[in-house]
Structures are given as structure tokens and as C-alpha cells.
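Be aware that the sequence shown starts at 1, since it is given in full-length UniProt numbering, and climbs by one per residue. Heads up, the beta-carbon is just placed ideally off N, CA and C, and yes, glycines get one too.
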Amino acid sequence: MSGRIPEEVIDRVREHYDIVDVVSQTVQLRKSGRNFFGLCPFHSEKTPSFSVSPDKQIFHCFGCGAGGNVFKFVMETEQMTFVEVVRYLGEQAGIDIPSGGREDNAEELHRQELLKVMDLASRLFHHLLTQTEHGEAARRYLNERGLQLETIEEFQIGYAPDSYHFLHPFLKRRGFAEGLLLEAGLVAEREGVRGRPSYFDRFRGRVMFPIHDSQGRVVAFGGRVLGEGRPKYLNSPETTLFHKGKFLFNLHRARKTIRKDQQTILFEGYMDVIAAWQAGLRSGVATLGTALTESQARVLKRNAEETVLCYDSDSAGQSATERGMEVLKQEGCIVKVARMPEGMDPDDYIRKYGAEAFSSKVISQASPFTAFKLESLKKGFDLKDEDERMRYLTRAVEVISGLPKAIERDHYLRRLSEEFRISLDALKQEQRTASSKKRRESHGDKGLEKWNNGYHNGKHMVGRERKIPAFEAAERRLLSLMIQDAGVAERVRETVGAGFNIEANAAIAAYLYGYFAEGNPVDPGRFIQYIRDGSLIQEVSAILMMDLPDSVTDEEVTDYIRHIRNYPLHQEIEQKQEQVKQAERSGDIAKAARLGIELIRLREKIQREA
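Laid out in C-alpha cells, this is it:
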């Protein structure tokens with residue numbers, strides 16, 4: 001497939017790994033029949049639709065359609081390119097990956113140039129902060145915030161001088177084109193003299209925090225202004241390397257601890273994360289100037305079961321906490337909320353009381369999702385007023401009725417009963433009423449809680465096909481056999497060729513003919529690697545996950561081929577039948593008779609093909 005790395009090396013890397021072991025590091029899998037199932041890491045779901053086949057070394061989600069081999073899985077979960085994944089997995093396996101050939105791919109080369117210029121900018125900013133007079137005010141600011149030199153070095157914090165033309169000419173002198181700098185988000189442009197574009201530094205007079213990808217490479221920056229300028233924080237724009245809704249600050253450092261502890265602490269800002277790290281709390285990450293996204297929540301869920309939200313105590317922080325809780329809960333995370341004292345953020349608290357107090361009195365005392373939600377709900381009611389108190393209790397019971405586990409519902413109802421001295425039986429009756437109302441309201445939904453798009457088989461969590469026409473089912477089953485049997489593929493090549501009726505199936509067949517013609521072995525995982533079209537990879541993974549018998553007779557293969565070849569004739573027969581009806585309705589008996597004869601001949605042709 002690729003000239004970047006020799007195929008035999010790619011095969012060695014792929015064959016070294018069992019896809020079940022790799023996926024299990026991210027997804028909790030459970031065996032059912034031949035395959036393993038779990039909640040898909042690429043979209044929100046409550047019923048497992050994500051399947052991994054150890055026999056075929058592939059994965060497929062029957063909900064969102066994601067699929068592929070071990071390389072594709074790591075590409076999607078770690079946001080890497082194919083070449084990066086092969087190198088990464090090869091290094092983990094102790095397999096030497098030749099360095100030659102990477103330049104054969106223009107897209108890969110361009111990505112490497114972007115990474116190179118981001119790394120150089122990061123090192124320049126860091127040098128300016130730590131070694132020059134330019135960074136004196138920034139050093140003083142960081143010192144006042146309690147950051148030690150060791151921490152500044154660890155996070156490679158830097159400083160961008162308050163100049164429109166410092167970084168731009170520096171990088172240009174080193175051979176980087178202005179278009180590349182613009183694409184990297186390091187410079188901005190405006191109309192200059194005679195309509196020509198004028199370039200200037202995007203970051204000026206700011207403390208610079210490098211933002212890294214999962215491999216620890218700089219892909220963006222967050223800049224904190226010195227003084228009272230606006231905006232207070234300025235992030236890099238969206239680029240080829242950086243999508244702020246997908247990345248989390250410090251994840252590459254914190255991931256090892258997060259996976260070990262199975263807990264992530266989600267902070268609101270960079271300085272909170274850095275202060276916590278310096279104090280010895282190594283599982284902190286932060287969003288990048290935006291509200292928590294579903295994509296970020298999925299990343300958190302992939303790395304740990306539990307997320308502790310630790311935002312500022314002000315109203316903006318509390319609003320962000322409530323939004324974040326809902327997003328995380330939708331992704332199936334265990335959510336807790338650490339309460340900050342009024343007027344303090346985590347950075348303030350750690351500097352004032354120390355790491356041990358923060359860990360024992362804030363993080364360890366974090367409230368479960370429902371407890372926090374009920375406490376927050378109280379703020380909207382005057383509980384001294386009887387009517388207001390009843391309205392609060394009604395709302396609180398509605399919240400509790402949404403909990404999935406009976407033991408949780410019982411726990412919180414008992415707490416309400418004790419706190420407000422209300423009969424537990426009365427609260428349980430109210431809860432049953434609220435649950436019934438929710439069921440009635442959701443009854444008209446599109447059934448999304450069932451298994452996405454009708455693929456769910458509840459007993460064994462095995463995906464099954466949607467109901468499709470016979471010719472399409474024949475094509476998909478035949479393709480599955482072809483992928484797993486070169487003899488069947490050759491037979492189909494001779495009898496059907498490119499005559500598949502579904503365009504995607506014809507494309508897959510064409511890839512398959514080429515794959516076997518090049519002498520490649522029967523290997524579903526390797527065939528998926530051979531395909532260049534991402535949408536076809538998803539189709540192939542879905543086809544390979546079809547539930548087919550262990551053995552198929554020659555007669556069944558012949559029947560599949562006949563279905564495919566006869567489908568155009570069946571279409572033509574349907575068209576002729578409609579034409580006959582139209583001719584009869586219009587009174588044109590001669591035309592109807594002529595078309596009837598053509599219809600008989602088409603039916604005879606199908607019988608001869610049988």
C-alpha cells in the first residue's frame with residue numbers, strides 16, 4: 001500500500017500485535033461467541049455495538065460504522081497518521097523501522113514540516129523566557145505564581161515578545177515559507193501596501209504554554225497576556241495539526257498516571273494543571289479555552305472510568321461544571337465534582353494550603369454527580385418556604401428518577417427523606433410517577449437507546465445486518481467469502497468481474513482482485529491495510545463481521561453469483577412490467593403485446609441462467 005515503509009516491515013509490526021490486546025487497553029471488552037464486544041470509543045452509546053474479531057484481527061462498530069485493523073484503531077484513538085502509528089507500534093515492539101522513504105509522501109512531509117516549525121517556535125519562546133532580558137517580566141510573573149524552574153522546564157513554558165515582527169522574521173530566515181507559518185497559526189495576515197498581504201506575529205507579550213499531541217509533540221500554543229490586555233488567554237487557531245475540541249492540555253504527560261489510578265482530574269485552566277503537577281498530582285488535564293466537547297469526553301472515558309471536575313468556584317466555573325458533568329455522563333463516565341472554597345481556584349488553593357490539603361480536602365472529598373446536582377438545584381429555591389420546598393423536592397425526585405440503578409435511586413431518596421423528614425414511601429411513589437412520565441415522553445423517540453440502526457441482538461450483543469435486498473445481501477456475502485478464500489475470489493473475477501451492482505462493492509472487489517494478483521496471502525487485516533479509501537475500509541470491516549456459516553458449498557457460491565448477474569435482468573423485467581401497464585391503461589394494445597413478448601424473453605433468459 002505504501003512506499004513510505006517497506007510492506008514486510010509493516011506486516012511484521014501488525015502481526016506482532018493481537019488487536020484484542022490493543023483495543024482492551026482502551027475499551028472494556030467482553031467475549032460473546034467468537035468475538036469481543038464493548039462500548040464504542042468513537043461515539044456515544046449505552047449498549048455495546050463495538051465488535052473485535054480475534055480471528056480476522058479487525059474491529060467494527062455496528063453503530064457508527066468505524067472499522068479497520070490494529071493500525072486504524074490506534075490512528076483513530078491516538079490521532080496519528082498511518083506512518084506515525086507504524087513507527088510508534090514498531091518502537092513499542094522493538095522492531096526497527098527504516099527511516100528512508102518517508103519523503104515519498106508529500107502529505108506526510110508537509111505534516112513533518114509543520115511539526116518542525118512548531119517545535120522550533122516552542123524552543124525559541126522557552127529560550128526567550130529563561131535566558132534573555134525579553135522574558136524578565138514573564139519570569140517575575142511565573143515566580144509570583146509560585147512556579148519553580150524545574151516545572152517551567154518540564155512544561156517548556158515560554159514567552160512571546162511584545163512585537164509584531166519577532167517570530168516571523170526569525171522563522172523566515174530559517175527557510176520556513178510564510179504560507180506554512182500561516183497554516184501553523186504562528187503568524188496572521190492583513191492587507192498591506194498595494195493590496196499585498198502583510199504578515200505579523202499572532203502571539204505578542206504573552207506567556208506561552210505549548211500544547212502537545214498524544215505523542216508529546218507541540219501542535220499549538222496557549223498564550224496568557226501579561227498585564228490587563230484582552231483576551232486574557234489566546235489559543236492557536238484550528239490547523240492541520242490542532243483541533244481544540246479534540247485535544248486536552250497535558251494528557252500526554254498525565255496519561256500513564258490516569259490509566260494507573262483510573263481517575264482524571266479535569267481542571268479549567270493551564271495554570272491549575274501545572275500547579276497540581278508541581279505539587280505532585282500528576283493526573284490533571286484541562287480543556288483548551290472551550291467548553292468540554294463530546295470528543296474530549298470520549299478521550300477521558302478511554303483513559304479512565306472516573307473524572308473529577310475541579311473548576312473555579314465562581315459562577316462561570318460552576319456553569320462550566322454543570323455542562324461538563326452532563327457531557328461526561330452522556331459518555332458513560334463516573335463523574336465527581338470537587339468543590340472549591342468561595343473565591344478560590346485550584347491554583348490559589350494549592351499555593352495557599354499545599355498539595356496534601358488539596359488532595360485530601362478537595363479531590364478526595366469530591367461529590368458524586370447526583371449529589372452535586374441536587375445541591376446545585378437547591379440554590380434555585382427558597383427552602384424555608386413550604387411551596388418552594390415542595391417544588392424543589394419534585395425537581396429532585398425527577399433527577400433521581402433518571403438514575404439507571406435502583407440502588408442509587410433508593411440511596412438518594414432516603415437522603416431526601418431524612419433531610420426533609422418526608423415519608424420514604426411518598427417519595428418512592430413520586431419517583432415511580434416521574435419515571436412513568438419519562439417513559440411516555442421518550443416512547444415516541446426514534447429508538448436510539450436500542451442498538452443503533454437496528455443492529456442489536458440483545459442476548460449476545462452480536463451485530464446483525466439491516467434488512468437489505470437479496471442481490472445486495474448476495475454481494476456482501478460473496479465479498480466476505482472472497483476476502484477469506486482466494487479461490488472464490490478468482491472464480492468471481494472470471495464470472496462477475498466488475499459487474500457488482502453496488503458501486504462500493506464493485507470497488508472492494510477491484511481492490512481484492514489486485515490484492516490477490518500481487519501474490520498477497522489470505523489475511524483480512526492485511527487486506528484492510530491494502531485499501532486506500534477510508535469509507536471502503538468501514539464497508540469491508542462490516543462485511544467481515546457478518547454472521548456466516550463456517551463452510552459454504554460451491555452451489556451456494558453459484559447462487560450468490562447468479563443473484564448478482566441476474567439483478568439487472570430483474571430490474572429490466574420490473575421496468576417492462578410497468579411499461580406494459582402504462583400501454584394497457586392508454587389503450588395501446590399493440591405496444592402492450594410487443595412489450596409482453598419482450599417480457600417473456602427476459603423471463604426465459606433468467607430461467608436459462610438459473
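Should residue i go down as buried or exposed, given a rule of 16 or more other Cβ atoms within 10 Å for buried?
{"i": "Glu503", "result": "exposed"}
{"i": "Gln57", "result": "buried"}
{"i": "Gly67", "result": "buried"}
{"i": "Gly109", "result": "First, the residue type needs correcting, since residue 109 is Leu and not Gly in the sequence shown. Exposed."}
{"i": "Gln278", "result": "buried"}
{"i": "Thr558", "result": "exposed"}
{"i": "Lys459", "result": "In this predicted model, Lys459 has a pLDDT of only 40, less than 50, meaning its place in the structure is not dependable; the value taken from the coordinates is given anyway. That one is exposed."}
{"i": "Thr132", "result": "exposed"}
{"i": "Glu153", "result": "exposed"}
{"i": "Pro469", "result": "exposed"}
{"i": "Arg87", "result": "buried"}
{"i": "Gly380", "result": "exposed"}
{"i": "Arg139", "result": "buried"}
{"i": "residue 611", "result": "Any property of residue 611 remains undetermined from this structure, which presents the chain solely from 1 to 610."}
{"i": "Ala426", "result": "exposed"}
{"i": "Leu149", "result": "exposed"}
{"i": "Glu578", "result": "exposed"}
{"i": "Gly33", "result": "exposed"}
{"i": "Gly269", "result": "buried"}
{"i": "Gly229", "result": "exposed"}
{"i": "Pro48", "result": "buried"}
{"i": "Ile589", "result": "exposed"}
{"i": "Glu45", "result": "buried"}
{"i": "Ala106", "result": "exposed"}
{"i": "Asp201", "result": "buried"}
{"i": "Gly63", "result": "buried"}
{"i": "Ala291", "result": "exposed"}
{"i": "Leu288", "result": "buried"}
Per DSSP, what are the beta-bridge partners of residue i in this structure?
{"i": "Glu8", "result": "Partner(s): none; Glu8 has no beta bridge."}
{"i": "residue 621", "result": "Any answer about residue 621 is impossible in this case: the structure gives the chain only from 1 up to 610."}
{"i": "Gly67", "result": "His60"}
{"i": "Ser32", "result": "Asn35"}
{"i": "Ala188", "result": "Phe200"}
{"i": "Phe155", "result": "In DSSP, Phe155 forms no bridge with anything."}
{"i": "Val52", "result": "Phe36 and Phe59"}
{"i": "Gln263", "result": "Glu306"}
{"i": "Val285", "result": "Leu266"}
{"i": "Val207", "result": "Tyr159 and Arg224"}
Looking only at its own chain, which residues have a Cβ that is under 7 Å from the Cβ of residue i, when we skip the five neighbours before and after it?
{"i": "Glu539", "result": "Ala504 and Ile508"}
{"i": "Val225", "result": "Gly205, Arg206 and Lys232"}
{"i": "Val488", "result": "Leu481, Met482 and Val557"}
{"i": "Arg259", "result": "Asn303 and Ala304"}
{"i": "Asp55", "result": "Arg34"}
Spatial neighbours of residue i within its chain, please: C-beta separation below 8 Å, excluding the five flanking residues on both sides.
{"i": "Val117", "result": "Leu171, Phe176, Leu180, Leu181, Ala184 and Leu186"}
{"i": "Asp445", "result": "Because the pLDDT of Asp445 is 46, which lies under 50, any placement of that residue in the model is unreliable, and the number read from its coordinates should be weighed accordingly. There are no such residues."}
{"i": "Arg409", "result": "Ile400, Ser401, Leu403 and Gln431"}
{"i": "Asn501", "result": "Phe471, Glu472, Glu475, Ile564, Tyr567 and Pro568"}
{"i": "His252", "result": "His212, Asp213, Ser214, Gln215 and Gly216"}
{"i": "Phe267", "result": "Val273, Ala276, Gly284, Val285, Ala286, Cys310, Tyr311 and Pro346"}
Please return the same chain residues whose Cβ sits closer than 6 Å to the Cβ of residue i, not counting the five positions on each side in sequence.
{"i": "Ala276", "result": "Gly284"}
{"i": "Gly90", "result": "Val13 and Ile97"}
{"i": "Gly135", "result": "Leu128, Leu129 and Tyr159"}
{"i": "Glu398", "result": "Ala434"}
{"i": "Arg190", "result": "Ser198"}
{"i": "Thr257", "result": "Arg282 and Ser283"}
{"i": "Phe71", "result": "Val85"}
{"i": "Val362", "result": "Ala338"}
{"i": "Thr293", "result": "Gly245"}
{"i": "Asp162", "result": "Arg204 and Gly205"}
{"i": "residue 611", "result": "The structure shown has nothing for residue 611, since the chain only spans 1 to 610."}
Inset, instruction - Check whether the stretch 71–81 touches the stretch 138–149, counting contact only when three or more Cβ pairs, one atom from each stretch, lie closer than 8 Å. - result: no
Inset, instruction - Please determine if the stretch 160–169 and the stretch 120–134 are in contact, where contact requires at least 3 C-beta pairs separated by less than 8 Å. - result: yes
Inset, instruction - Tell me, please, whether the stretch 511–520 touches the stretch 550–566 by the rule of three or more beta-carbon pairs shorter than 8 Å. - result: Using a C-beta cut-off of 8 Å, the stretch 511–520 makes no contact with the stretch 550–566, since fewer than three inter-stretch Cβ pairs fall below that distance.
Inset, instruction - Tell me, please, whether the stretch 361–379 touches the stretch 330–350 by the rule of three or more beta-carbon pairs shorter than 8 Å. - result: The way I'd put it, the stretch 361–379 does touch the stretch 330–350; three or more beta-carbon pairs between them come closer than 8 Å.
Inset, instruction - Note down, one range per segment and in chain order, each beta strand (DSSP E) of at least 3 residues found wholly within the stretch 209–261. - result: 218–225 and 233–235
Legend entry - Any 3 or more C-beta pairs closer than 8 Å across the stretch 354–362 and the stretch 390–404: Contact between the stretch 354–362 and the stretch 390–404 is absent, because fewer than three Cβ pairs lie under 8 Å.
Inset, instruction - Flag this pair as touching only if the stretch 312–330 and the stretch 233–253 have three or more C-beta atom pairs under 8 Å; answer yes or no. - result: no
Legend entry - At least 3 beta-carbon pairs within less than 8 Å: the stretch 34–53 vs the stretch 297–304: yes
Legend entry - Ordered list of alpha helix (DSSP H) runs contained in the stretch 293–370, each at least 4 residues: 294–303, 315–330 and 346–353
Inset, instruction - Determine contact between the stretch 5–19 and the stretch 520–535, defined as no fewer than three beta-carbon pairs at a distance below 8 Å. - result: yes
Inset, instruction - Return the chain-ordered ranges of every alpha helix (DSSP H) run that is complete within the stretch 510–553 and spans a minimum of 4 residues. - result: 524–530 and 534–544
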